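Asks: With positions in the sequence shown counted from 1, the corresponding number in our numbering is that position plus 5.
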Amino acid sequence: MDAMFERVEELAERVRHTVTPLADLSGGYALLDFPDYSNVGDSLIWLGELAFFDRAAAQPPGYVSTIHGFDLDALLRRVPDGPVFLSGGGNFGDLWPRFQQFRRMLLAALPGRPIVQLPQTIHFADPEQVRLTREAIAAHGSFTLLVRDRASLAFAEAELGCPAELCPDMAFCLGSLSRPALPVHDIVYLLRTDQERSAGRGVPELPRDTLLVDWIHGTRAPSRWDRAVARLGRTARMLAGGEPDYRRFRARARAELERGRALLGSGDAIVTDRLHGHILSVLMGIPHAVLDNSYGKVRGFAELWTADLPGIAVCETLDDATAHALATLREIA
Numbered sequence: 006m007d008a009m010f011e012r013v014e015e016l017a018e019r020v021r022h023t024v025t026p027l028a029d030l031s032g033g034y035a036l037l038d039f040p041d042y043s044n045v046g047d048s049l050i051w052l053g054e055l056a057f058f059d060r061a062a063a064q065p066p067g068y069v070s071t072i073h074g075f076d077l078d079a080l081l082r083r084v085p086d087g088p089v090f091l092s093g094g095g096n097f098g099d100l101w102p103r104f105q106q107f108r109r110m111l112l113a114a115l116p117g118r119p120i121v122q123l124p125q126t127i128h129f130a131d132p133e134q135v136r137l138t139r140e141a142i143a144a145h146g147s148f149t150l151l152v153r154d155r156a157s158l159a160f161a162e163a164e165l166g167c168p169a170e171l172c173p174d175m176a177f178c179l180g181s182l183s184r185p186a187l188p189v190h191d192i193v194y195l196l197r198t199d200q201e202r203s204a205g206r207g208v209p210e211l212p213r214d215t216l217l218v219d220w221i222h223g224t225r226a227p228s229r230w231d232r233a234v235a236r237l238g239r240t241a242r243m244l245a246g247g248e249p250d251y252r253r254f255r256a257r258a259r260a261e262l263e264r265g266r267a268l269l270g271s272g273d274a275i276v277t278d279r280l281h282g283h284i285l286s287v288l289m290g291i292p293h294a295v296l297d298n299s300y301g302k303v304r305g306f307a308e309l310w311t312a313d314l315p316g317i318a319v320c321e322t323l324d325d326a327t328a329h330a331l332a333t334l335r336e337i338a
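(1) Under three-state DSSP, which class holds residue 272?
(2) Are there 16 or more other CB atoms within 10 angstroms of the CB of residue 105, so buried, or fewer, so exposed?
(3) Please determine, among 251, 124, 140, the residue with the shortest C-alpha to C-alpha distance to residue 65.
(4) Please give the ranges of any beta strand (DSSP E) in the region 119-173, keeping only runs that are unbroken, at least 3 residues long and fully inside the region.
(5) For residue 57, which three-state DSSP category applies?
(6) Mind reading off the beta-carbon distance from residue 272 to residue 192? Whole number of angstroms is fine, and I expect it under 8 Å.
(7) Cα-Cα, which of 292, 299, 137 is closest to residue 279?
(8) For the beta strand (DSSP E) that residue 10 lies in, which residues bound it at each end?
(9) Classify residue 277 as buried or exposed, calling it buried when 16 or more other Cβ atoms lie within 10 Å of its own Cβ.
(10) Could you work out which residue in 294, 303, 331, 305 is closest to residue 317 when comparing CA atoms only?
(11) For my contact list, residue 310 and residue 173 are in at a C-beta cut-off of 8 Å; report their separation, rounded to the angstrom.
(12) From this set, 37, 258, 8, which residue's C-alpha is nearest residue 89's C-alpha?
(13) Which word fits residue 213, buried or exposed, when buried means at least 16 other C-beta atoms lie within 10 angstroms of its C-beta?
(14) Whole-angstrom Cβ separation of residue 144 and residue 166, contact assumed at under 8 Å?
(15) Is residue 251 helix, strand or coil when you go by DSSP?
(16) If you run the structure through DSSP and keep just helix, strand and coil, what is residue 192?
(17) Note down the Cα distance separating residue 197 from residue 254, rounded to an integer number of angstroms.
(18) Inspect the beta-carbon positions of residue 156 and residue 305 and report whether they are closer than 9 Å.
(19) Are any of the Cβ atoms in chain B nearer than 9 Å to that of residue 53?
(20) Excluding the 5 residues preceding and the 5 following residue 150 in the sequence, name in chain order all residues of the same chain whose CB lies nearer than 6 Å to its CB.
(21) Could you pull the DSSP bridge partners for residue 300 from this structure?
(22) Taking all protein chains shown into account, decide if residue 136 is buried (16 or more other Cβ within 10 angstroms of its Cβ) or exposed.
(23) Skipping 5 residues on each side, what residues in its chain have a beta carbon closer than 7 Å to that of residue 336?
(24) May I ask you to report which of helix, strand or coil DSSP gives residue 319?
(25) Could you tell me the alpha carbon to alpha carbon distance between residue 288 and residue 10, rounded to whole angstroms?
(26) How big is the Cα-Cα spacing for residue 76 and residue 56?
(27) Between residue 130 and residue 323, what straight-line distance do the alpha-carbon atoms span, to the nearest angstrom?
(28) Between which two residues does the beta strand (DSSP E) carrying residue 69 extend?
(29) Just to confirm, are residue 262 and residue 111 a CB contact at a threshold of 9 Å?
(30) Can you round the beta-carbon distance between residue 320 and residue 285 to whole angstroms, since I take them to be within the 8 Å contact cut?
(31) Just how far apart, CA to CA, sit residue 16 and residue 153?
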């Protein structure tokens, strides 16, 4: 556990060392792409970003938004000149197209203005989408890309033609976290149920006293009604004097984090193929087994930053991961 907590601080310092020199925050800045859906991992990233900016800047972001609630006029009014940061995660590519469409729109709308993509994992399947992204970056002229693994760095350097640098996940800036309560399950299996689920993974034969769960609830694209409500919300906040959305977003993300802490904290050991199931387990000092997602995101991250830690096993199969979790239980019995 101590080794995990020490690594958390080391990686948080690496984040600060990497991100701080990229832009001048003194004149204001924006942070975009708040995760307005139920996914603990993306909320963990957002909270880590706020923790980073709380320390690095003398002020909160002047403008924050979701991708479907984005208002260019509001951004220009509240942050006329400062850098624009895009929240990190695993949606840089064509697997989750609405996020990449938003990036290309933003690059076209703000030519020459510094835009920093906080640490991402890159995955493209369609060469045409690669071309569109490369052309948008080139036309913009001041885009910096941070990535969380070596494969993404190699891809960015070979295919996207923009400055790119390795950086750990922003969630590490939250620091170490405690369990909210004593464990009630021997093993918690946190396994993906979405399109990043690894093909052929199967369903585990659960040992006794285990919990099988995913932590997403509805990641649908926004409907016309959602967008209309977002526009009305923006208008109401402007009439009320522009109450900063970041307070509301922080509270919502915090609720997601607490849900994740309660879920993972309920197990003596964890088996997960979610990257932030792995990261949150490290933040909480919980021994766990890690499986890959559908395209190498989890393994690529773990092998670079965390796989050497005691109590962590990067496994090929669910059977191997279960064996590791059972061995952990025997050690702590």
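In this text, a Cβ means the ideal position worked out from N, Cα and C, and glycines have one as well.
Remember, it's a predicted structure, so these values are computed and weren't measured experimentally.
Replies: A quick look at the data gives this:
(1) In the three-state scheme derived from DSSP, where H, G and I count as helix and E and B as strand, residue 272 is classed as strand.
(2) Looking at its Cβ environment, which holds 16 or more other Cβ atoms inside 10 Å, residue 105 is buried.
(3) For residue 65, the nearest C-alpha among the options comes from 251.
(4) Segments of the beta strand (DSSP E) lying fully in the region 119-173: 120-128, 148-152, 169-171.
(5) Here residue 57 sits in helix by DSSP.
(6) The C-beta separation of residue 272 from residue 192 comes to about 6 Å, placing the pair in contact by the 8 Å criterion.
(7) Closest option to residue 279, Cα to Cα, is 299.
(8) Under the DSSP assignment, residue 10 falls outside any beta strand (DSSP E), being part of the alpha helix (DSSP H) whose first and last residues are 7-24.
(9) Under this definition residue 277 is a buried residue.
(10) Nearest neighbour of residue 317 by Cα position, chosen from 294, 303, 331, 305, turns out to be 294.
(11) So it is a contact: roughly 6 Å between Cβ atoms.
(12) Taking only the C-alpha atoms, the option nearest residue 89 is 37.
(13) The C-beta of residue 213 has fewer than 16 other C-beta atoms within 10 Å across all chains shown, which makes the residue exposed.
(14) Taking 8 Å as the upper bound for CB-CB distance, residue 144 and residue 166 are not in contact here, some 11 Å apart.
(15) Assigned with DSSP and collapsed to three states, residue 251 falls in helix.
(16) In the structure shown, residue 192 adopts extended strand secondary structure according to DSSP, grouped into three states.
(17) C-alpha separation (whole angstroms): 25 Å.
(18) Yes, Cβ-Cβ distance for residue 156 and residue 305 is below 9 Å.
(19) You won't find chain B in this structure, because it holds only one protein chain.
(20) Excluding residues within five positions, the ones whose Cβ falls inside 6 Å are 122, 161, 167, 169.
(21) Answer is none; residue 300 lacks a bridge partner.
(22) When all chains shown are included, residue 136 counts as exposed.
(23) Taking C-beta separations shorter than 7 Å and ignoring five residues to either side along the sequence, residue 336 has no partners in its chain.
(24) Of the three classes helix, strand and coil, the one that applies to residue 319 here is strand, per DSSP.
(25) Put simply, the backbone Cα of residue 288 is about 7 Å away from that of residue 10.
(26) Taking the straight line joining both Cα atoms gives about 24 Å.
(27) Distance between the alpha carbons of residue 130 and residue 323: 26 Å.
(28) Note, residue 69: beta strand (DSSP E), 68-70.
(29) In this structure, residue 111 does not lie closer than 9 Å to residue 262 by Cβ.
(30) Between residue 285 and residue 320 the Cβ distance is about 18 Å, and since that is not below 8 Å, they are no contact.
(31) So the alpha carbons of these two residues sit roughly 11 Å apart.
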